[in-house]
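These notes concern the structure reproduced below.
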Amino acid sequence: MHGRHLLIAACLALGGPAAFALEGDAKAAQAKTSMCMGCHGIPGYRTAFPDVYPVPKLGGQHAAYLVRALQAYRDGERSHPTMRAIAASLSEQDMADLAAYYSAAGGETQ
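Mind the numbering: the sequence shown is residues 0 to 109 in numbering that gives the first Met the number 0, read in order.
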């Protein structure tokens, strides 16, 4: 096997397509954050559907965690209906961009 093919085979063996992590573009995400801000952009916001609980803070979270959480909503591993619908509408690049934006935001963004 040539170097590139060996790298691809190793990545597939170690983690499947998720091993090919896309590099996020925080600037590109600025046009995509409106769907997040309605809940995550309100300090202390608590959702009322399907249960009452505090909406988690996004700013300062690790990018890999945010991408994995969005993938879990998209794939049905997490069950919040609003988040599942939003995640289903995102491409892998959208997820990477949003994760780059919020991980760089520090404590400034809910």
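By construction, the Cβ of each residue, glycine as well, lies at the ideal position given by its N, Cα and C atoms.
Checklist entry - Mind checking residue 106: buried by the 16 CB within 10 Å criterion, or exposed? => result Position 107 of the sequence shown, counted from the first residue, corresponds to residue 106. Residue placement at residue 106 cannot be trusted, given a pLDDT of 48 that sits under 50; what the coordinates show is reported in the next sentence. Label assigned to residue 106: exposed.
Item to check | residue 26, enclosing alpha helix (DSSP H) - first and last residue | outcome: As a position in the sequence shown, residue 26 is number 27, starting the count at 1. It spans 25 to 28 - the alpha helix (DSSP H) in which residue 26 sits, taken as one unbroken run.
Checklist entry - In whole angstroms, what is the alpha-carbon distance linking residue 20 and residue 85? => result On the sequence shown, residue 20 is found 21 positions in, with the first residue counted as 1. On the sequence shown, residue 85 is found 86 positions in, with the first residue counted as 1. Cα to Cα, the separation comes out at about 20 Å.
Item to check | Cβ contact check for the region 69 to 78 and the region 32 to 41: 3 or more pairs under 8 Å | outcome: no
Item to check | Residues sharing a beta bridge with residue 52, DSSP | outcome: Mapped onto the sequence shown, residue 52 falls at position 53. Under DSSP, the beta-bridge partners assigned to residue 52 are 46.
Checklist entry - Would you report the Cα separation of residue 93 and residue 56, rounded to the nearest angstrom? => result As a first step, residue 93 is located in the sequence shown; it is residue number 94 there, counting from the start. As a first step, residue 56 is located in the sequence shown; it is residue number 57 there, counting from the start. Answer to the nearest angstrom: the Cα atoms are 19 Å apart.
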